[in-house]
Amino acid sequence: MFHSVKRPLQIYEKANYSSSRYMLQFGIEVENSNEIPRIIEICQKYVIPLRVRLEDKCYISANAKCSDPLQLPKLSSADSLLNEYCDWTYDHSYQDDVSLGTLAYNEKYIVLSLNHLCSDGGYFKWLLDLISTGERKSLYVPKLPIRPDFYCEREVKEMSKSNHPINPNELTYVKSRYLISEPKGEMKFICKKIDVNSYMNTHLNSSKKTISENLYKNFTEKMWSCYILAASAFNRKIDNFGIITLVDLRNIVKPSMVDWGNCNYFSGVTNKASTNMNQTMKKLGEDLRKSFDERMKSRDYLSLFNLNLAEDHSTGNPIELSNIGQLNLRNGINDATIQIRFPAKTEPKKLSMITYSINDTNGRNEIMMKMRYSPSHLHANEADILMESTKFAIEKITRDFTVQQAYEEIVSLQNSYSKKMYL
Numbered sequence: 001m002f003h004s005v006k007r008p009l010q011i012y013e014k015a016n017y018s019s020s021r022y023m024l025q026f027g028i029e030v031e032n033s034n035e036i037p038r039i040i041e042i043c044q045k046y047v048i049p050l051r052v053r054l055e056d057k058c059y060i061s062a063n064a065k066c067s068d069p070l071q072l073p074k075l076s077s078a079d080s081l082l083n084e085y086c087d088w089t090y091d092h093s094y095q096d097d098v099s100l101g102t103l104a105y106n107e108k109y110i111v112l113s114l115n116h117l118c119s120d121g122g123y124f125k126w127l128l129d130l131i132s133t134g135e136r137k138s139l140y141v142p143k144l145p146i147r148p149d150f151y152c153e154r155e156v157k158e159m160s161k162s163n164h165p166i167n168p169n170e171l172t173y174v175k176s177r178y179l180i181s182e183p184k185g186e187m188k189f190i191c192k193k194i195d196v197n198s199y200m201n202t203h204l205n206s207s208k209k210t211i212s213e214n215l216y217k218n219f220t221e222k223m224w225s226c227y228i229l230a231a232s233a234f235n236r237k238i239d240n241f242g243i244i245t246l247v248d249l250r251n252i253v254k255p256s257m258v259d260w261g262n263c264n265y266f267s268g269v270t271n272k273a274s275t276n277m278n279q280t281m282k283k284l285g286e287d288l289r290k291s292f293d294e295r296m297k298s299r300d301y302l303s304l305f306n307l308n309l310a311e312d313h314s315t316g317n318p319i320e321l322s323n324i325g326q327l328n329l330r331n332g333i334n335d336a337t338i339q340i341r342f343p344a345k346t347e348p349k350k351l352s353m354i355t356y357s358i359n360d361t362n363g364r365n366e367i368m369m370k371m372r373y374s375p376s377h378l379h380a381n382e383a384d385i386l387m388e389s390t391k392f393a394i395e396k397i398t399r400d401f402t403v404q405q406a407y408e409e410i411v412s413l414q415n416s417y418s419k420k421m422y423l
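Structure (structure tokens):
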């Protein structure tokens with residue numbers, strides 16, 4: 001006899017996700033429709049949120065055997081884009097009191113929409129690897145998400161004290177130049193991609209005639225620097241060089257105990273650097289990394305959620321980055337995508353960018369950039385300019401540029417874009 005299992009949400013879980021309906025969508029495209037049943041079977045067996053629901057601030061496992069079939073919505077067979085199917089699945093997701101996850105599919109695509117309480121970028125990377133390489137005999141999947149304090153009891157207790165406030169004055173903001181009358185609550189995405197091979201060729205060390213692997217390994221520093229400068233150039237002024245960086249703490253707290261099949265604890269820090277315009281882009285990136293490392297060491301990530309309490313939208317929206325890493329497409333997986341959606345009543349308070357790379361056996365090697373924004377805070381053309389200038393800075397501005405030179409180059413690009421639009 002199978003019995004349901006129940007446990008209360010903990011303080012961290014209640015404070016961040018219990019009523020938010022923050023949902024992550026993970027979509028994959030398969031080469032052969034014959035693979036669909038196998039992938040669905042893996043998801044039904046190992047994706048915990050599909051068989052867990054929330055009730056009275058408690059997790060409750062579904063009262064069913066793992067072998068019992070789930071009710072799976074069917075995607076239309078129309079030739080839509082993978083991102084559009086992700087949106088459709090979000091719109092047709094179960095409520096949390098039914099299930100924390102929904103799986104939808106057709107003969108070409110499979111999409112998961114999972115509550116952020118028990119899913120993140122690292123979780124999806126783990127799942128993609130599981131789908132690509134097949135099941136592992138030793139894989140253990142508990143009935144409920146593991147408690148955050150199982151890995152990091154001290155950190156969870158410290159977080160509840162809220163004694164590590166994040167100072168909003170350290171951040172770089174983006175403020176629309178227009179009085180926008182769009183209704184509140186809507187969310188949109190804008191996507192760009194970078195060809196990694198072209199990027200590496202641009203940053204080729206001509207004297208050594210070799211491509212520095214360090215450039216690619218330090219891409220997060222490059223991303224921080226370029227996003228900050230693109231935002232500063234958009235504002236046409238330098239206030240702060242600071243960015244919110246989301247962090248997967250499973251890499252940090254008791255990593256030997258980590259089970260990537262569970263998403264249970266993640267937060268973020270605000271890393272900052274001086275606004276010295278004469279320093280090089282390389283130095284700016286190094287200073288942002290140093291700030292990040294120092295704040296992780298001092299455990300400043302403990303109160304990321306306090307930032308929302310101090311936000312003043314009259315200053316604009318702070319920028320945020322989540323670098324997921326590399327998604328390896330293997331064994332009949334043609335494409336993959338990740339995004340996050342909120343309910344209509346929840347406005348995105350940050351200009352949050354997700355980045356990840358796509359790598360496959362056919363030579364595809366791209367970095368995907370996906371920014372989430374609210375049309376009630378930023379015009380669509382402005383969002384496009386911000387993303388295009390971030391992409392430009394990553395591709396064209398080398399580490400030897402001074403910050404002043406990089407800033408002027410980005411402003412020039414944004415001015416040329418503004419002439420094409422009506423900004």
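The working numbering applies: residue 1 is where the sequence shown begins, and numbers increase by one.
Ideal Cβ positions, reconstructed from N, Cα and C, are used throughout, including at glycine.
This structure is a prediction, so every number in the text was calculated from the model and none was measured.
request  = Tell me, please, which residues DSSP counts as bridged to Pro318.
outcome  = The count along the sequence shown starts at 1 and reaches residue 318 at position 318. Answer is Tyr173, bridged to Pro318.
key: Separation of Ser132 from Lys237, as counted between CA atoms   = In the sequence shown, residue 237 corresponds to position 237, counting from 1. In the sequence shown, residue 132 corresponds to position 132, counting from 1. Note on geometry: alpha-carbon atoms of Lys237 and Ser132 lie some 47 Å from one another.
key: Distance, Tyr178 Cα to Leu127 Cα   = Position 127 of the sequence shown, counted from the start, is the residue given in the question as residue 127. Position 178 of the sequence shown, counted from the start, is the residue given in the question as residue 178. Roughly 42 Å between the two C-alpha positions.
task = Apply the 10 Å Cβ neighbour rule to Lys74 and answer buried if 16 or more other Cβ atoms are within range, or exposed otherwise.
result = Locating residue 74 in the sequence shown gives position 74, where the first residue counts as 1. By the C-beta density criterion, Lys74 is exposed, having fewer than 16 other C-beta atoms within 10 angstroms.
query = Using the rule of at least 16 other Cβ atoms within 10 Å of the residue's Cβ for burial, across every protein chain shown, is Glu294 buried or exposed?
reply = For the purposes of this step, residue 294 is taken as the residue at position 294 of the sequence shown. Glu294 is exposed by the Cβ-count criterion.
query = Going by alpha carbons, who is nearest to Ala393 out of Thr89, Pro145, Met223 and Lys6?
reply = Here residue 393 refers to the residue found at position 393 when the sequence shown is read from its first residue. When only C-alpha atoms are compared, the closest one is Met223.
ask   = If you draw a straight line from the alpha carbon of Ser212 to that of Ser357, how long is it in whole angstroms?
value = For the purposes of this step, residue 212 is taken as the residue at position 212 of the sequence shown. For the purposes of this step, residue 357 is taken as the residue at position 357 of the sequence shown. Low confidence applies to Ser212: its pLDDT is 44, below 50, so where it sits in the model is not reliable, and the reading given next is rough at best. Rounded to whole angstroms, Ser212 to Ser357 spans 18 Å at the Cα level.
query = What does a CB cutoff of less than 7 Å around Arg399 pick up in its chain, not counting 5 residues either side in sequence?
reply = Residue numbering aside, residue 399 sits at position 399 when the sequence shown is read from its first letter. For Arg399, where only same-chain residues beyond five positions count, the Cβ hits under 7 Å are Thr280, Met281 and Lys282.
message = Could you compute how far the alpha carbon of Val111 sits from the alpha carbon of Ile36?
response = Within the sequence shown, numbered from 1, the residue matching residue 111 stands at position 111. Within the sequence shown, numbered from 1, the residue matching residue 36 stands at position 36. Between Val111 and Ile36, the C-alpha separation is close to 11 Å.
ask   = Pro8: buried (16+ other C-beta within 10 angstroms of its C-beta) or exposed?
value = Counted from its first residue, the sequence shown places residue 8 at position 8. By the 10 Å Cβ count, Pro8 comes out exposed.
query = Quick one: Cα of Asp287 to Cα of Ile354, how far?
reply = Residue 287 sits at position 287 when you count from the first residue of the sequence shown. Residue 354 sits at position 354 when you count from the first residue of the sequence shown. Answer to the nearest angstrom: the Cα atoms are 22 Å apart.
inquiry  = Let me confirm a value: Asp248 is counted as buried when at least 16 other C-beta atoms fall within 10 Å, else exposed. Which label applies?
reply    = Position 248 of the sequence shown, counting from 1, holds the residue named residue 248. Burial state of Asp248 is buried, judged by a 10 Å Cβ sphere holding 16 or more other Cβ atoms.
ask   = Considering only C-alpha positions, which residue in the set Asn317, Tyr46 and Lys108 is nearest to Ala231?
value = Along the sequence shown, read from residue 1 onward, the residue named residue 231 stands at position 231. Looking from the CA of Ala231, the closest CA among Asn317, Tyr46 and Lys108 belongs to Asn317.
ask   = Should Gly27 go down as buried or exposed, given a rule of 16 or more other Cβ atoms within 10 Å for buried?
value = As a first step, residue 27 must be located in the sequence shown, where it is residue number 27. With at least 16 other beta carbons inside 10 angstroms of its own, Gly27 counts as buried.
request  = Report yes if the C-beta distance between Leu229 and Ile48 is below 9 Å; otherwise report no.
outcome  = Reading the sequence shown from its first residue, position 229 is the one you call residue 229. Reading the sequence shown from its first residue, position 48 is the one you call residue 48. Taking 9 Å as the Cβ cut-off, Leu229 and Ile48 do not qualify as a contacting pair.
message = Alpha carbons only, please: which of Cys86, Ala380, Gln44 and Gln10 is nearest the one belonging to Asp56?
response = Along the sequence shown, one-based indexing puts residue 56 at 56. When only C-alpha atoms are compared, the closest one is Gln10.
task = State the Cα-Cα distance for the pair Arg341 and Trp88, rounded to the nearest angstrom.
result = By 1-based counting over the sequence shown, the position of residue 341 is 341. By 1-based counting over the sequence shown, the position of residue 88 is 88. If you take the alpha carbons of Arg341 and Trp88, they lie about 11 Å apart.
ask   = DSSP state of Lys65, grouped into three classes?
value = To locate residue 65, count along the sequence shown from 1; it is residue 65. Caution is warranted here: a pLDDT of 47 is assigned to Lys65, below 50, making its placement in the model unreliable, and no coordinate value can be reported.
task = For Asp79, count neighbouring Cβ atoms within 10 angstroms of its own Cβ and tell me buried if that reaches 16, exposed if not.
result = Locating residue 79 in the sequence shown gives position 79, where the first residue counts as 1. It is exposed - the Cβ of Asp79 has fewer than 16 other Cβ atoms within 10 Å.
request  = Evaluate contact between the segment 366-373 and the segment 185-193, counting only Cβ atoms and requiring at least three cross-stretch pairs below 8 Å.
outcome  = In the pairwise beta carbon analysis, the segment 366-373 is classified as touching the segment 185-193: at least three pairs are separated by under 8 Å.
ask   = Nearest-angstrom Cα distance between Asn271 and Asn218?
value = Translated into positions along the sequence shown, residue 271 becomes position 271. Translated into positions along the sequence shown, residue 218 becomes position 218. C-alpha separation (whole angstroms): 15 Å.
task = State the start and end residues of the unbroken beta strand (DSSP E) segment that holds Asp360.
result = Along the sequence shown, read from residue 1 onward, the residue named residue 360 stands at position 360. Element bounds for Asp360: Leu351 to Asp360.
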